[in-house]
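What follows is a set of notes on a single structure, which appears directly below.
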Amino acid sequence: MPYRLTINGETREIDADGDTPLLWALRDILGMTGTKFGCGAGLCGCCTVHIDGVAIRACQTPIDSVGTAGIVTVEGVDRTDAGRFVQQAWIDLEVVQCGYCQPGQIMSAAALLAGNPDPSDGEIDEAMSGNLCRCGTYSRIRDAIRHAAHLAKPAMETAQ
Amino acid sequence: MTTPATRPGHGPSRRTVLSAGIAVGGGLLVGVPLAAPVLSKSGPVDFAPNAFIRIARNGTVTLTMPYVEMGQGTYTSVPMLIAEELEVPLAAVTLEHAPADDMLYRNPIMGAQETDGSLSMRAAWEPMRRAGATARTMLIAAAAAEWRVDAAECRAAEGFVVHDRTRRRIAYGDLAERAATLPIPPQVTLKDAAAFTLIGRPQKRLDSADKINGTAIFGMDVRLPGMKIAAVMASPVLGGRIASLDDREARRVTGVRSVVRLDDAVAVVADHWAAAKKALDTMVVTWDDGPNAGFSTARLKGELDAASQRDGVVGDEAGDEAGAFASAARRAEAVYRLPLLAHAAMEPLNCTVHLHGGRCDVWVGTQAASRAQAAAAAAAGLQQDRVTIHNQYLGGSFGRRAETDNIVQAVSIARRLDHPVKVVWSREEDTQHDFYRPAYHNTLRAGLDRDGRVTSWFHRIVGPSPLARWLPPAVQNGLDPDAVTSATGPYQFPNRHVDYVRHEEHAFRSGFWRGVGTTHNVFVVESFIDELAAASGVDPLEFRRRHLRDDPRLRAVLDLAAEKSAWGEPLPPGSGRGISLLQDFGGTILAQIAEVSVHDGGSLRVGRVTSVVDCGKLVNPDTVIAQIQGGVIFGLSAALYGQITFSEGRVEQGNFDSYAAVRMDEAPRVAVHLIESGEAPFGVGESGTSGIAPAVANAVYAATGNRVRNLPITSDR
Ligand code: FES
Ligand code: FES
């Protein structure tokens with residue numbers, strides 16, 4: 055009995071055991087390889103996606119636990135305002151090195167900014183410390199999150 | 058933007074190189090011929106004056122990258138060198154990964170197709186500019202012939218050849234066909250540095266866009282029709298074998314296709330990795346551990362300690378060290394020990410293989426494509442020219458992806474299957490089957506005179522030699538030059554003795570790790586020099602300045618570091634500043650100053666880090682800054698947490714809970730200041746990593762009075 059998941063606004067069918075982690079359903083069954091595998095244990099954040107706007111680790115999320123909630127992956131995050139600003143900030147500040155952790159970083163940062171348009175240092179640390187970067191791009195990530203918050207300001211003001 | 062390189066004219070081009078022997082390049086260090094045109098047998102002729110540049114008739118400029126991108130920015134800085142001379146906008150070029158071919162794509166310093174040793178920029182500097190200049194010269198010649206004017210009256214700009222007098226211009230694409238018929242000029246003129254428009258100016262990385270939207274393809278992301286995915290478990294003890302195996306439950310897991318048993322590993326092949334891993338976890342395997350069953354970290358330490366009693370092969374000697382030490386006014390002695398380190402690149406190892414019709418296709422991110430090709434060929438039982446390496450983006454590497462064990466294993470698994478397979482290691486598998494940065498034992502002693510000047514310096518280094526395995530001719534008379542590199546730091550000591558005792562272990566494999574020799578020697582030398590400063594009662598920065606080799610670049614870096622870090626200004630109690638200074642491979646100079654605070658419970662916080670770097674000529678300044686910033690974090694992870702330990706032959710660490718790395722909440726702000734000097738660039742990929750451990754350890758001493766002589770720091774306090 056296939057599971058039906060809503061991913062980036064589309065309904066997708068996944069024929070696999072219910073305990074299959076969402077990460078592998080995305081990567082190996084649906085071919086959406088933007089979401090990365092780094093540890094498989096909730097320790098690195100490479101697999102971060104949004105479920106109903108909340109950043110979660112896809113390697114720790116069985117497909118039978120998702121239900122009708124909306125999943126957003128890095129392939130679709132540019133459809134959210136926060137996602138677009140974060141991606142722009144990442145380019146503006148040249149955050150990327152090897153890039154392998156960056157989809158997860160971007161998903162964590164986008165979820166943070168969507169819920170908190172002006173995070174403090176402590177709030178950035180809290181939201182981002184689950185995302186490892188072995189290339190060590192942390193200080194640029196921190197600056198890029200601030201920059202994205204800044205980019206978002208005019209947009210938010212017009213929206214109000 | 059990156060497409061796999063397909064090069065139908067590959068074979069002919071190799072023959073052309075050999076027969077015509079066209080040596081356009083004339084390498085800076087070791088002459089490497091830039092390969093001759095790739096002649097496509099059918100279709101319209103592209104202009105391809107060498108193996109790196111192809112200009113199609115529609116104007117597309119494609120650059121084939123012989124150095125791989127693993128985060129260090131090569132995919133931007135090397136195209137900058139070509140584009141500078143070729144006179145094309147950087148944003149207009151398309152990049153391809155080079156196929157495996159030592160003849161076409163070897164690194165002129167290493168002599169093989171490798172990206173390592175922070176050498177890409179040094180190796181690429183002249184040949185890549187020459188490649189661009191050759192193409193530019195030929196395009197100008199083609200336009201001059203078309204217009205019937207003197208080539209000297211024409212210039213190239215923004216992808217066009219321009220004739221100012223008659224205000225004519227032709228796009229490169231329109232010149233491609235004619236240029237392809239022209240002879241390759243034996244001599245070309247490189248641009249004067251003053252005329253550079255790209256080199257030295259910050260350029261956006263060309264690989265960023267694909268890496269932030271999930272479209273960049275790493276080895277992990279390769280997908281092929283009919284491909285299945287394997288999870289693998291190798292013997293936890295090196296040299297162990299499978300004694301018995303019960304896979305009945307594994308085969309019942311939904312999605313499992315087959316179980317492949319090798320001598321020293323078992324793999325489950327399934328529709329997706331989750332099924333493969335779930336099945337693997339149900340497997341009951343009994344191992345015959347073999348001769349390394351009893352190996353432990355305690356045994357390793359004992360063996361290194363014992364080996365340190367032997368005399369080593371002399372690496373550097375001057376004056377009379379023993380005599381000067383015996384008669385010194387003050388003496389200091391210390392033993393420093395460094396642990397084994399894993400690479401823990403963010404992308405776990407993986408490799409995709411398709412064996413079909415007597416051919417072997419391999420998709421993998423590798424630092425050494427031609428080694429990968431040879432290893433795959435041997436494992437597949439094929440000639441090397443039957444193997445194609447499709448190189449991919451590397452999700453970090455730090456030396457790990459120069460090895461080929463994952464490729465050999467994946468080919469061995471694929472030989473038992475009739476479909477393509479992607480073998481993906483778990484994080485634990487990656488940590489436990491690494492080629493570790495060696496553990497080293499260091500004995501130091503130094504003599505000082507009454508004025509606090511070092512009169513004698515002795516350093517004995519004990520450890521294995523990854524270089525002897527990698528490049529045997531580099532180790533002459535038992536001396537591993539990498540093991541003793543930087544063993545006296547950037548200092549001048551009148552009486553000195555450096556020796557090296559090679560000690561190999563068979564219970565694990567050792568390899569390169571983001572600057573092997575430097576990572577360990579810089580820590581040892583910069584810590585011990587700090588001890589000597591303290592023993593003399595001299596400020597550590599001033600003490601270094603007094604002992605520097607006579608080189609104004611060293612002095613300039615040290616002085617700027619002092620200024621930028623506010624060296625000497627008071628810090629709150631429980632805080633301290635520490636400094637390190639290094640010169641890598643005789644090139645890049647880096648000073649780092651770290652501020653730490655040690656809190657009541659002994660918990661350590663690294664605050665500000667100030668780095669001053671002189672890496673010669675700057676190509677892409679922001680990439681240099683990023684490499685130093687990243688190198689600091691990588692080195693700090695190792696300094697604070699990094700250690701691989703063994704018990705009963707098995708690695709005790711597995712995932713990021715037991716092999717920890719620095720996270721955002723502990724990441725210091727790293728200010729990087731650049732000094733430009735000289736004509737040619739030096740590498741920076743490894744320097745930042747080497748300098749941070751001693752800077753932090755010396756800051757810990759300044760804050761607490763406790764000297765760190767063993768890493769990681771958290772194990773030594
Ligand atoms: S792969 Fe999910 S947290 Fe690391
Ligand atoms: S950019 Fe390489 S791991 Fe973060």
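Those protein sequence lines, which keep their order, are chains C and S. Count the first sequence with my numbering and you get residues 55 to 214, in order. Count the second sequence with my numbering and you get residues 58 to 774, in order. From the three backbone atoms N, C-alpha and C, an ideal C-beta is built for every residue, glycine too.
* Asked: Is the CB of Glu64(C) under 7 Å away from at least one CB in chain S?
  -> no
* Asked: How about Ser513(S) and Ala389(S): are their beta carbons less than 7 Å apart?
  -> no
* Start and end residues, alpha helix (DSSP H) containing Asp338(S) -> Trp330 to Thr339
* Asked: So Gly635(S) is in the beta strand (DSSP E); what residue range does that whole segment cover?
  -> Ser632 to Gln640
* With 7 Å set as the bound, which would you pick, yes or no: does the beta-carbon of Gly92(C) sit closer than that to a beta-carbon of chain S? -> yes
* **First through last residue of the alpha helix (DSSP H) which encompasses Asp179(C)** => Asp175 to Met182
* With C-beta atoms as the reference, is Asn712(S) less than 7 Å away from Arg458(S)? -> no
* Listed from N- to C-terminal order along the chain, which residues in the stretch 401-413 of chain S have their beta-carbon within a distance smaller than 8 Å of any beta-carbon of chain C? -> Ala401, Ala402, Met403, Glu404 and Pro405
* Asked: Looking at the C-beta of Trp482(S), does it have a partner C-beta in chain C at a distance below 7 Å?
  -> no
* **Residue from Ile256(S), Thr445(S) and Val316(S) whose Cα sits closest to the Cα of Met185(S)** => Ile256(S)
* Using the beta-carbon of each residue, which ones in chain C are nearer than 7 Å to Trp330(S)? -> Trp78 and Asp82
* Nearest-angstrom Cα separation, counted from Asn767(S) out to Leu661(S) -> 16 Å
* Taking only beta-carbon positions, decide if Ile199(C) is within less than 7 Å of chain S. => no
* Asked: Who pairs with Tyr493(S) in a beta bridge, going by DSSP?
  -> Ser567(S)
* Asked: Should Tyr192(C) be flagged as near chain S, meaning a C-beta pair shorter than 7 Å?
  -> yes
* With 16 other CB atoms within 10 Å as the buried threshold, where does Leu247(S) fall? -> exposed
* To do: Quick one: grab the DSSP three-state call for Ile749(S).
  => helix
* Cys113(C): CB within 6 Å of a non-hydrogen atom of ligand 2 -> no
* Asked: Measuring CA to CA, which of Pro282(S), Asp231(S) and Arg634(S) is closest to His411(S)?
  -> Pro282(S)
* Buried versus exposed, by CB contacts within 10 Å (16 or more), Val341(S) -> exposed
* For Ala105(S) versus Arg114(S), is the C-beta spacing smaller than 7 Å? -> no
* Asked: Hey, out of Arg507(S), Val326(S) and Arg472(S), whose CA is closest to Arg308(S)'s CA?
  -> Val326(S)
* Asked: Cα separation between Ala80(S) and Pro547(S)?
  -> Because the pLDDT at Ala80(S) is just 21, under 50, the model does not fix this residue reliably, and the value given afterwards should be weighed accordingly. Going by the C-alpha atoms only, they are around 37 Å apart.
* **Residue environment, Val95(S), which counts as buried when at least 16 other CB atoms sit within 10 Å** => For Val95(S), the pLDDT reaches just 39, beneath the cut-off of 50, and the residue's location in the model is therefore unreliable, leaving the point undetermined.
* Asked: Helix or strand or just coil, what does DSSP make of Thr455(S)?
  -> With the sequence shown as reference, residue 455(S) is identified as Phe, and Thr is not the correct amino acid for it. Reduced to three states, the DSSP call for Phe455(S) is coil.
* **Local conformation of Gly100(S) per DSSP, three classes** => Per-residue confidence for Gly100(S) stands at a pLDDT of 44, beneath the threshold of 50, marking its modelled position as unreliable; the derived number appears in the next sentence. If DSSP states are grouped into helix, strand and coil, Gly100(S) belongs with coil.
* Taking 6 Å as the cut-off, is the CB of Thr102(C) close to at least one heavy atom of ligand 2? -> no
* Asked: Got a sec: does ligand 1 put a non-hydrogen atom nearer than 6 Å to the Cβ of Gly800(S)?
  -> Because residue 800(S) is not part of the residues shown, which for chain S are 58 to 774, the question remains open.
* Tyr698(S) lies in the alpha helix (DSSP H); which residues open and close that run? -> Pro678 to Tyr698
* Asked: Are the C-beta atoms of Ala95(C) and some chain S residue less than 7 Å apart?
  -> yes
* To do: Assign Asn270(S) to one of three DSSP states: helix, strand, or coil.
  => coil
* Asked: In terms of residue numbering, what span does the beta strand (DSSP E) encompassing Ile105(C) cover?
  -> Thr102 to Ile105
* Asked: Distance, Cα to Cα, Ala754(S) vs Leu693(S)?
  -> 10 Å
* Is Tyr244(C) near ligand 2, judged by its Cβ being under 6 Å from some heavy atom? -> Here chain C comprises residues numbered 55 to 214, so residue 244(C) is not present and cannot be evaluated.
* Which residues mark the beginning and the end of the beta strand (DSSP E) in which Gly124(C) is found? -> Gly124 to Val126
* Whose Cβ in chain S lies nearer than 8 Å to the Cβ of Thr102(C)? -> None at all; the shortest Cβ gap to chain S is about 12 Å.
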